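Numbering (the working numbering), first residue to last: 456 to 576.
Think of the CB as a built atom: it goes at the ideal place given N, C-alpha and C, for glycine as much as any other residue.
Here the structure is a predicted model, which is why all the values come from computation and not from measurement.
Here the structure is laid out as structure tokens; the discussion comes afterwards.
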Amino acid sequence: MPIRPSSNQRQFARHLRTHQTDCELLLWQKLRSRQIANLKFRRQFPCPPYILDFYCVELKLAIELDGGQHYETAAKEHDRRRTLYLQQQGIEVVRFSNLEVIERMSEVLEQILRLAANRTS
């Protein structure tokens, strides 16, 4: 049974949605309103103890955007543990750097489409 997010976590997710990064906004403009394979993505989705940048409930697919801080040693370890935890919950995690979103959006979207096709087949 999934863990329900606390009211604090839901409130923090709302805050993140209203204060998204430029890269999150760029990708959200492509994911929202079922523009990718008619899939519904949610942004800043609480999945205790974490909040996922983007999540498709139907496919159990999380999309995470990594800025520069994610390349520091401690952050890499945190991301590794987070990904492992989510995989244990049956959630597939795909990560893109902010630079990929800015410079190669079409490739990012193609990879998301391939992952979606693999998750549905």
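- Excluding residues up to 5 positions away in sequence, V556 lie with their Cβ nearer than 6 Å to the Cβ of L482 in the same chain.
- In this structure, DSSP gives L486 a helical state, which the three-state scheme calls helix.
- As DSSP reads the structure, L507 sits in a beta bridge with F500.
- The beta-bridge partner set that DSSP reports for I518 consists of F509, V549.
- The alpha-carbon separation between L520 and K531 amounts to approximately 13 Å.
- Inclusion of N573 and C478 in the CB contact set at 8 Å is not warranted, their separation being larger than that value.
- For N493, the secondary structure class from DSSP, reduced to helix, strand or coil, is coil.
- The C-beta separation of I567 from I491 comes to about 6 Å, placing the pair in contact by the 8 Å criterion.
- Rounded to the nearest whole angstrom, the C-alpha separation of R465 and P501 is 7 Å.
- T528: member of the alpha helix (DSSP H) spanning 528–543, first to last residue.
- DSSP, reduced to helix, strand and coil, places H474 outside both helices and strands of the structure shown, so it counts as coil.
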